[in-house]
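Enquirer: Just dropping this structure here.
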Amino acid sequence: MNVKRLMLLVLVALLGTAACSGDDNDNSASNNDQNTDAHNNITPGSDANNNNNNDTNDTSHPDDQTDSDSTPADTGVAVSDEVEWIAIPGGVFTMGHEKLMWAHPPHQVTVSPFFMARTETTVAQYMKCVDAGVCPAPKNSSSSIPRNHEKPHGGPLPMDATSWNGAVAFCTWAGGRLPSEAEWECAARGGGQDIAYPWGDELPSCDRCVMKTKPFGDTPEDWGCGTGEMQPACSRPAGNTAQGLCDMAGNTWEWVQDIWQDTYDGAPTDGSAWEDASTEPKRVIRGGNLTSHHNYTANFLHVSARDRGGRPQDIGWGFRCARDSD
């Protein structure tokens with residue numbers, strides 16, 4: 068090989084190395100132009116008017132979801148085979164809100180550091196647990212509107228036909244558990260911050276969450292920001308929490324560990340789940356869904372909003388997992 072050809076090969080190799088070593092920056096930014104009225108834009112809810120409809124119309128989405136195999140050690144992120152875990156700092160925060168039905172009285176809670184799944188559990192993730200013989204198979208819709216697991220593009224969509232028991236089974240299989248209600252709210256508040264929504268105090272919009280387009284729109288055309296259905300996990304990064312959790316408002320309701328109570332009178336203050344067996348065994352759901360709106364009868368997109376999801380065997384809601392800090 069002559070000298071000129073050797074020098075040319077070396078130059079090409081150097082150029083190729085430079086092209087593969089660019090920065091991979093996270094472009095999610097905090098919005099400091101917050102709406103100071105957001106904390107007060109709350110109307111107590113009515114159980115009679117509550118619409119927790121998770122059955123939605125079908126539209127087309129690509130069925131692909133790519134998870135990173137590794138994450139830099141200084142980001143606070145730990146990745147397992149099926150769940151990407153985000154570190155949530157512990158501390159003392161005020162849980163609840165005096166103007167939200169079922170979310171009073173506000174009270175201080177101390178939460179230990181823990182990990183939370185970055186996303187709501189997806190259809191693709193849950194079906195792997197079903198295939199492993201661990202999780203119960205989801206039930207198909209009894210209406211003309213299919214559930215997410217019935218859709219050809221359903222893989223990256225939230226699992227929306229899950230019982231509380233199924234959620235517990237998946238989280239255990241994935242090396243975690245369901246979060247307590249206190250942990251869920253601490254995480255939605257970006258580690259316990261005094262904010263109204265996971266992204267801050269600006270009112271919800273379709274830039275930040277998958278929600279209803281108008282307060283009292285009751286047709287699928289009004290749901291899911293006009294798509295009529297839930298959207299793939301993390302489709303609204305502008306609405307992420309300070310730690311990077313996606314979809315903590317809207318898209319699908321999320322089961323937590325706690326048994327339902329009408330108020331927080333007597334609630335634990337150590338961050339643990341409230342599981343008083345003397346009450347009816349309905350479990351709490353958090354976060355609102357694609358049919359929620361901040362000007363609806365109840366502002367289910369607020370970080371303190373809560374509702375009763377049903378008995379452990381009832382289906383129709385999604386979830387995300389938590390696990391203890393290592």
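Going by our numbering, the sequence shown opens with residue 68, and the numbers climb by one from there.
Where a beta carbon is used, it is the ideal one built from N, C-alpha and C, also for glycine.
Assign T229 to one of three DSSP states: helix, strand, or coil.
Expert: As a working mapping, residue 229 is identified with position 162 in the sequence shown. Strand.
Enquirer: Have a look at Q328, S272 and H361 and flag the residue whose alpha-carbon is nearest the alpha-carbon of A408.
Expert: Any question about residue 408 goes unanswered here, given that the chain covers just 68 to 393.
Enquirer: Between the region 145 to 159 and the region 239 to 251, do three or more beta carbon pairs fall short of 8 Å?
Expert: Yes, the region 145 to 159 is in contact with the region 239 to 251.
Enquirer: What residue range does the beta strand (DSSP E) around E321 cover?
Expert: In the sequence shown, residue 321 corresponds to position 254, counting from 1. Its beta strand (DSSP E) spans residues E321 to I326.
Enquirer: Counting beta carbon pairs with one atom in the region 367 to 384 and one in the region 314 to 328, are three or more of them shorter than 8 Å?
Expert: Yes, the region 314 to 328 is in contact with the region 367 to 384.
Enquirer: Please report the distance separating the alpha-carbon of F283 from that of Q298.
Expert: As a position in the sequence shown, residue 283 is number 216, starting the count at 1. As a position in the sequence shown, residue 298 is number 231, starting the count at 1. Straight-line Cα distance between these residues: approximately 21 Å.
Enquirer: Can you confirm whether Y193, when its beta carbon is compared against all beta carbons of chain C, has any partner nearer than 9 Å?
Expert: The structure shown contains no chain C; it holds only a single protein chain.
Enquirer: Could you tell me which uninterrupted beta strand (DSSP E) segments, each at least 3 residues in length, are contained entirely in the region 264 to 295, listed from first to last along the chain?
Expert: Taking only runs of at least 3 residues, no beta strand (DSSP E) segment lies wholly in the region 264 to 295.
Enquirer: For V159, does the count of other Cβ atoms within 10 angstroms reach 16, so buried, or fall short, so exposed?
Expert: One-based indexing of the sequence shown puts residue 159 at position 92. V159 comes out exposed.
Enquirer: Is there contact between the region 260 to 275 and the region 359 to 378, where contact requires at least three CB pairs shorter than 8 Å?
Expert: Touching, yes, given that three or more Cβ pairs across the two stretches are closer than 8 Å.
Enquirer: Hey, which unbroken runs of the alpha helix (DSSP H) at 4 residues or more fall wholly within the region 134 to 219?
Expert: List check, alpha helix (DSSP H) in window: 190 to 198.
Enquirer: Use the C-beta contact count for A199: other C-beta atoms within 10 angstroms, 16 or more gives buried, fewer gives exposed.
Expert: Locating residue 199 in the sequence shown gives position 132, counting from the first residue. Exposed.
Enquirer: So for V370, helix, strand or coil by DSSP?
Expert: Working through the sequence shown from its first residue, we reach residue 370 at position 303. Coil at V370, not helix or strand.
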